[in-house]
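So the sequences go chain by chain: A and B. For the first sequence, my numbering gives the first residue as 163, with consecutive numbering after it. For the second sequence, my numbering gives the first residue as 163, with consecutive numbering after it. We put the beta carbon where it would ideally sit given N, CA and C, even for glycine. Remember, predicted model here, so these are calculated numbers, not experimental data.
There are 2 protein chains.
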Amino acid sequence: MAKIENKITIVENILRANDQIAQQNRSRLDSANLFSMNFMASPGAGKTSLIEATIGNLKDKYKIAVIDGDVASSIDADRAADAGAQAVQVNTGGECHLDAVMINNALNQLELVETDLLIVENVGNLICPSGFQLGTHKNVLIASIPEGDDKPYKYPQIYQNIEALVVNKIDLMPYVDFNMDYFLKGVSILNPGLIHFQLSCRTKEGIQEWLDWVESNL
Amino acid sequence: MAKIENKITIVENILRANDQIAQQNRSRLDSANLFSMNFMASPGAGKTSLIEATIGNLKDKYKIAVIDGDVASSIDADRAADAGAQAVQVNTGGECHLDAVMINNALNQLELVETDLLIVENVGNLICPSGFQLGTHKNVLIASIPEGDDKPYKYPQIYQNIEALVVNKIDLMPYVDFNMDYFLKGVSILNPGLIHFQLSCRTKEGIQEWLDWVESNL
């Protein structure tokens, strides 16, 4: 029993320390006068594809930086760099989420004052990232059509802790069973009035509304 | 520093305790003379659909039980029960994986001696479940085509800790960018000789090879 109490205390300490560093990160981002987003999603929902589309469309007007979090590999940072952003890869070494300390360290590697938009790509995971604030201005969830329409009901916490929702891969609607009304009903129960975008990074349908919203925050 | 050392010690204790209970679970499953699998996957890759297809095709010959793990809801256990299995729902209450204690408790609610096949559906997550043995006979990963072909490279640990791989949603191959050779090359580096099945739970293509393999283990 002592061990369990120890564990709970330590977990609470870790979360409190994380939130304090997240506040420091936010101060640094505010001082640099940039807009920042934390992209969260299941593996393969399209975080990197949305980052590529955002960079491709906005890089001529704004300086964009990306922090890519993955358990392993630098595939995503390579893709962001190829698309035209300054990119930093964070390998978590098995950890299932980014935390504020990792972001704090990654910020040291970016030219923040010259940056207009910072996108953090979290580890692909619908559960653990939602418990760790990073200090970014908006938490954005990327859902995808082939994942299925029951995800808000099965992973409620992450849907409650976001400020925007992107529903990607709408081009696959004809080929899978996805009831948009059922999906959005779940979302509205968990997060009433949440702004959301339906788009396809592959066909570019719906991308303009997303870009307009990003620009409105810059 | 003392806090971090405490944390590491406690995490090691938890994993060791988990493995001990997993061994107890295995003994119970062996005593009941049944075959058991632990299904792991990203959210929405098709774990529940594969369970439904397996139950639907084998329920007339074998008694099947399902333990469904989810952060919230009983959607998956309801689907398994509707398909014809004895089903137990485990709500993890925010935890990102099943552990051996949860399975131990769930086994108490099943008629093990009368059961031929037990399928455990883990929480949708490509990272955390791979660290916790449950005591089941085979760990099975369900990947899916729309998730993308880079997943073995980005989530190597789970690909190393499985005894079978199912690649689901092959009916979506014409509509997404998925290089099967690149995907399977990553798999073979991490887990040489791993048995794998390419199928679609939606169209039923490739399901028979999967069912034959399941039956060969019964």
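Give a yes or no on whether the C-beta atoms belonging to V376 of chain A and L220 of chain A are separated by under 8 angstroms.
Taking 8 angstroms as the Cβ cut-off, V376 of chain A and L220 of chain A qualify as a contacting pair.
Is the separation between the beta-carbon of R178 of chain B and that of E214 of chain B shorter than 8 angstroms?
No, these two residues do not count as a Cβ contact at 8 angstroms.
Measuring only between beta-carbons, confirm whether P308 of chain B sits less than 8 angstroms from chain A.
Yes, P308 of chain B lies at the interface with chain A (some Cβ there is under 8 angstroms from its Cβ).
Figure out for me which residue from B:H259, B:D238, B:G246 has the closest Cα to the Cα of D222 of chain B.
When only C-alpha atoms are compared, the closest one is B:G246.
For S198 of chain A, which of A:H259, A:L279, A:S378, A:N266 has the nearest alpha-carbon?
Nearest of A:H259, A:L279, A:S378, A:N266 to S198 of chain A, Cα basis: A:L279.
Look at the Cβ atom of A194 of chain A, then the Cβ atom of L296 of chain A, and state whether they are nearer than 8 angstroms.
Not in contact: A194 of chain A and L296 of chain A (Cβ atoms no closer than 8 angstroms).
Is L380 of chain B buried or exposed, if buried means 16 or more other CB atoms sit within 10 Å of its CB?
Classification for L380 of chain B: exposed.
Which one or two residues does DSSP pair with S204 of chain B in a beta bridge?
Bridge partners of S204 of chain B: none, in fact.
Within 8 angstroms, do at least three Cβ pairs link the segment 297 to 311 of chain B to the segment 319 to 333 of chain B?
Short answer: they touch.
So the candidates are A:S378, A:V233, A:I357, A:G255; which of them puts its Cα closest to the Cα of Y321 of chain A?
When only C-alpha atoms are compared, the closest one is A:I357.
For M342 of chain A, which option in A:S306, A:G218, A:Q271 has the closest C-alpha, if you only look at C-alpha atoms?
Residue A:S306 is the option with its Cα nearest to M342 of chain A.
In terms of alpha-carbon separation, which member of B:N270, B:V250, B:L346 lies closest to N187 of chain B?
If we check each option's Cα against that of N187 of chain B, B:N270 comes out closest.
Closer than 9 angstroms by beta-carbon distance: list the chain B residues that pair up with P318 of chain A, in chain order.
Under the 9 angstroms cutoff, chain B gives V233, A234, S235.
Can you tell me whether N287 of chain A is helix, strand or coil according to DSSP?
In this structure, N287 of chain A counts as coil in the three-state DSSP scheme.
Which class does T277 of chain B belong to by DSSP, given the choice of helix, strand or coil?
Residue state, collapsed to three classes: coil.
Just to confirm, is the Cβ distance from I265 of chain B to I229 of chain B under 8 angstroms?
Cβ distance < 8 angstroms, so I265 of chain B and I229 of chain B count as in contact.
What are the residues of the segment 335 to 353 of chain A that lie near chain B, defined by any Cβ-Cβ distance shorter than 7 angstroms?
Answer set for the segment 335 to 353 of chain A: Y337.
Apart from the five residues on each side of it in sequence, which residues of its chain come closer than 6 angstroms, Cβ to Cβ, to L334 of chain B?
The answer, listed in chain order, is I307, P308.
Does the segment 352 to 366 of chain A come close enough to the segment 255 to 264 of chain B that 3 or more CB-CB pairs lie under 8 angstroms?
Touching, no, given that fewer than three Cβ pairs across the two stretches are closer than 8 angstroms.
Sort out for me which residues DSSP pairs M199 of chain A with in a bridge.
Answer is A:I281, A:K300, bridged to M199 of chain A.
Would you say C363 of chain A faces chain B, with C-beta separation under 8 angstroms as the test?
Not one chain B Cβ lies under 8 angstroms of C363 of chain A.
Kindly give me the distance between the Cβ atoms of L373 of chain A and T216 of chain A, rounded to whole angstroms, as I take these residues to be in contact under 8 angstroms.
Yes, L373 of chain A and T216 of chain A are in contact; Cβ-Cβ is about 7 angstroms, under 8 angstroms.
On the criterion of 16 or more Cβ atoms from any shown chain inside 10 Å, does Y344 of chain B qualify as buried, or is it exposed?
With fewer than 16 other Cβ atoms within 10 Å, it is exposed.
Under a Cβ-count criterion, where at least 16 other Cβ atoms within 10 Å of its own Cβ denotes burial, should E276 of chain A be classed as buried or exposed?
So E276 of chain A counts as exposed.
Apart from the five residues just before and just after I304 of chain A, which ones in its own chain have a Cβ nearer than 7 angstroms to its Cβ?
Cβ within range, chain order: F201, A203, A207, G208, K209, L212, V328, N330.
Taking 8 angstroms as the cut-off, decide whether the C-beta atoms of K313 of chain B and P205 of chain A are in contact.
Yes, Cβ-Cβ distance for K313 of chain B and P205 of chain A is below 8 angstroms.
Excluding the five sequence neighbours on either side, which residues of its own chain have a C-beta within less than 7 angstroms of the C-beta of N287 of chain B, listed in chain order?
Hits under 7 angstroms: C258, H259.
Looking at the secondary structure, which residues open and close the beta strand (DSSP E) in which D232 of chain B lies?
Segment 226 to 232, the beta strand (DSSP E) holding D232 of chain B.
Count the other CB atoms within 10 Å of the CB of T365 of chain B; is the residue buried (16 or more) or exposed (fewer)?
Exposed, since its Cβ has fewer than 16 Cβ neighbours within 10 Å.
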